[in-house]
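Chemist: Residue numbers (the UniProt record's numbering): 1 to 425.
No residue lacks a Cβ here, since even glycine has one placed at the ideal position from N, Cα and C.
This one's a predicted model, so the numbers in the text were calculated from it and none came from an experiment.
The following block contains the structure, expressed as structure tokens.
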Amino acid sequence: MTDKSDPTTTRRGFIKAGIAAGGAAAAGAAQAGEPDPLITEVQDWASYTGDGVDATPYGMPIEYESDVVRRNVEWLTADTISSINFTPIHALDGTITPQGCAFERHHSGAIELRKEDYRLMINGLVDKPLIFTYEDLERFPRTNKVYFCECAANTGMEWAGAQLNGAQFTHGMIHNMEYSGVSLRTLLEEAGLGAAGDLKDKWVYVEGADASSNGRSIPMEKALDDVLVAFKANGEALRMEHGYPVRLVVPGWEGNMWVKWLRRIEVTNQAIESREETSKYTDTLEDGTSRKWTWEMDAKSVVTSPSPQSPIPHGAGPLVITGLAWSGRGSITGVDVSIDGGKNWQEARLAQPGDDKALTRFYLDINWDGSEMLLQSRAKDSTGYVQPTKAQLRDVRGLNSIYHNNCIQTWWVKESGEAENVEVS
Ligand SMILES: Nc1nc2c(c(=O)[nH]1)N[C@H]1C(S)=C(S)[C@@H](COP(=O)(O)O)O[C@H]1N2
Ligand SMILES: [Mo]
């Protein structure tokens with residue numbers, strides 16, 4: 001019998017031992033010459049039958065993955081109702097974020113709204129104001145597209161100095177899902193934009209059905225471009241916390257504009273200047289003035305492993321360095337990685353060519369000599385923009401900002417394989 005609580009007896013342990021026995025590169029217990037009971041003995045899991053197909057109508061991750069969860073930082077906000085939690089990006093791979101661990105940000109809590117009770121109103125400067133039910137929305141032509149959603153406050157706690165120890169906390173206000181929905185343009189055209197006259201200087205004001213309503217103004221040009229009224233994410237219904245049954249997807253633009261539980265779209269002559277776009281989600285500069293309408297999320301990247309929550313579990317030798325890169329202005333064209341705090345850079349390998357306004361996974365496969373590293377990544381996007389250092393960003397923005405911190409992140413990886421959030425000057 002094997003002890004299931006002992007991590008060396010897991011299936012993963014079995015696979016690792018198998019590789020070690022056959023390959024020269026990996027150092028493993030099997031090489032010591034002792035017979036490995038995981039190889040030589042019939043295991044527990046092969047001596048009885050497993051769960052039947054009726055055991056799990058909707059599957060959850062296996063218990064051994066129970067640390068791959070959202071986490072919040074208690075002192076950040078006064079109450080969890082108006083708060084944020086973070087995607088465990090240090091533990092994920094690929095680019096798609098499972099809904100179950102994708103960060104949540106609410107201003108007045110996640111609400112329960114049934115499809116039957118759902119209504120979407122389009123009013124204001126339209127030819128005929130309309131109210132859609134959920135079923136109405138399902139009858140319009142649909143699109144599918146993967147986009148990242150990043151809260152403008154992502155990395156916001158790091159302006160004054162290295163603060164939170166983990167990629168989940170410094171960069172985890174981001175998720176990346178495949179959305180299915182109707183283009184906002186289709187719905188606006190259904191209501192008719194003739195009444196709006198010249199569309200150049202027009203806006204839409206979008207709001208949610210929750211108590212906060214989270215109202216935001218979006219210029220008409222963007223509203224008619226790639227904005228989606230989405231009802232599915234990663235193939236299934238939106239989770240309650242992500243706006244079930246319908247949310248707005250505003251590709252490349254700050255997460256706050258991605259209104260959840262979308263209930264109203266008003267075509268207007270001017271921006272509403274709501275709370276969410278005046279006292280919040282503007283960027284205070286060194287001289288005390290604030291920048292407004294900073295909608296686009298600048299190119300950014302982070303090494304997700306190794307990182308403080310994902311230390312190197314082995315000594316010197318082959319090491320996979322990996323991370324995520326994204327740009328709200330287009331696609332990622334390249335990512336450079338430095339192991340010496342930005343003195344020298346190597347071009348990382350992109351797992352897939354960069355996709356428009358979606359996460360890109362990068363890898364750098366090195367032969368680690370076991371000495372400490374100052375690990376950084378630097379994203380480049382299709383506009384030619386290069387992710388700035390922290391010093392470069394502070395030169396332009398000062399230290400009063402919260403939002404839109406897209407600077408290069410540094411992890412100090414020690415000889416032990418453990419990593420820490422640091423700053424290099
Ligand atoms: N109706 C409504 N929409 C909302 C919010 C909200 O509180 N209410 N929060 C916004 C903010 S600040 C962000 S960053 C994103 C987060 O989306 P998520 O919770 O799906 O991660 O939703 C936005 N849409
Ligand atoms: Mo946000």
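Let's test the definition: count the other Cβ atoms within 10 Å of the Cβ of L399 and tell me whether it reaches 16, buried, or not, exposed.
Modeler: Classification of L399: exposed, given that the 10 Å Cβ count is below 16.
Chemist: Whole angstroms are fine: how far does the CA of P313 sit from the CA of K414?
Modeler: The straight-line gap from Cα to Cα measures roughly 12 Å.
Chemist: My assumption, with CB atoms under 8 Å, is that S290 sits in contact with D298. Please give the rounded CB distance.
Modeler: Between D298 and S290 the Cβ distance is about 17 Å, and since that is not below 8 Å, they are no contact.
Chemist: Have a look at P245 and K115 and give me their C-alpha separation to the nearest angstrom.
Modeler: Cα to Cα, P245 sits roughly 6 Å from K115.
Chemist: Our contact map puts V250 next to W261 with C-beta atoms below 8 Å; I'd like the distance itself, whole angstroms only.
Modeler: Not really, about 15 Å apart at Cβ, beyond 8 Å.
Chemist: Is R105 near ligand 2, judged by its Cβ being under 6 Å from some heavy atom?
Modeler: Because some heavy atom of ligand 2 lies under 6 Å away, the Cβ of R105 counts as near it: yes.
Chemist: Where in the stretch 350-422 do unbroken runs of the beta strand (DSSP E), each at least 3 residues long, occur, reported from the N-terminal end onward?
Modeler: DSSP runs (the beta strand (DSSP E)) wholly in the stretch 350-422: 360-368, 373-381, 410-413 and 419-422.
Chemist: Less than 7 Å between the beta carbons of T322 and S307, yes or no?
Modeler: For T322 and S307, no; Cβs fall outside 7 Å.
Chemist: I'd like the list of long-range same chain contacts for A110, defined as Cβ closer than 6 Å, with 5 residues on each side in sequence excluded.
Modeler: Around A110: M240 and E241.
Chemist: Give the single residue among S425, K380 and W412 whose Cα lies nearest to the Cα of N406.
Modeler: Looking at the Cα atoms, K380 is the closest of the given residues.
Chemist: Which class does M220 belong to by DSSP, given the choice of helix, strand or coil?
Modeler: It is helical.
Chemist: Looking only at its chain, what residues have a beta carbon closer than 7 Å to the beta carbon of F169, apart from the 5 residues adjacent to it on each side?
Modeler: V73 and F86, listed in sequence order.
Chemist: Round the Cβ separation of G317 and W368 to the nearest angstrom and send it over; I've been treating them as touching at under 8 Å.
Modeler: Contact flag correct, Cβ pair sits at about 6 Å.
Chemist: Would you report the Cα separation of E277 and K292, rounded to the nearest angstrom?
Modeler: E277 and K292: Cα-Cα distance of roughly 7 Å.
Chemist: Would the stretch 173-182 count as touching the stretch 196-204 if we require 3 or more Cβ pairs under 8 Å?
Modeler: No: fewer than three Cβ pairs fall under 8 Å.
Chemist: Could you check whether the Cβ of V259 sits closer than 6 Å to any heavy atom belonging to ligand 1?
Modeler: Correct: V259 has its Cβ closer than 6 Å to ligand 1.
Chemist: Please state the DSSP three-state secondary structure of M240.
Modeler: It is helical.
Chemist: Rounded to a whole number of angstroms, what is the C-alpha to C-alpha distance between C151 and S301?
Modeler: Each residue's alpha carbon lies about 14 Å from the other.
Chemist: Any chance the stretch 338-346 sits against the stretch 375-390, with 3 or more Cβ pairs inside 8 Å?
Modeler: Yes: at least three Cβ pairs fall under 8 Å.
Chemist: Can R264 and E189 be called in contact, C-beta distance under 7 Å?
Modeler: No. Outside cutoff.
Chemist: Are E254 and W295 closer than 7 Å when you measure CB to CB?
Modeler: Yes. Within cutoff.
Chemist: Tell me A167's beta-bridge partners as DSSP assigns them.
Modeler: A167 pairs with nothing; no bridge assigned.
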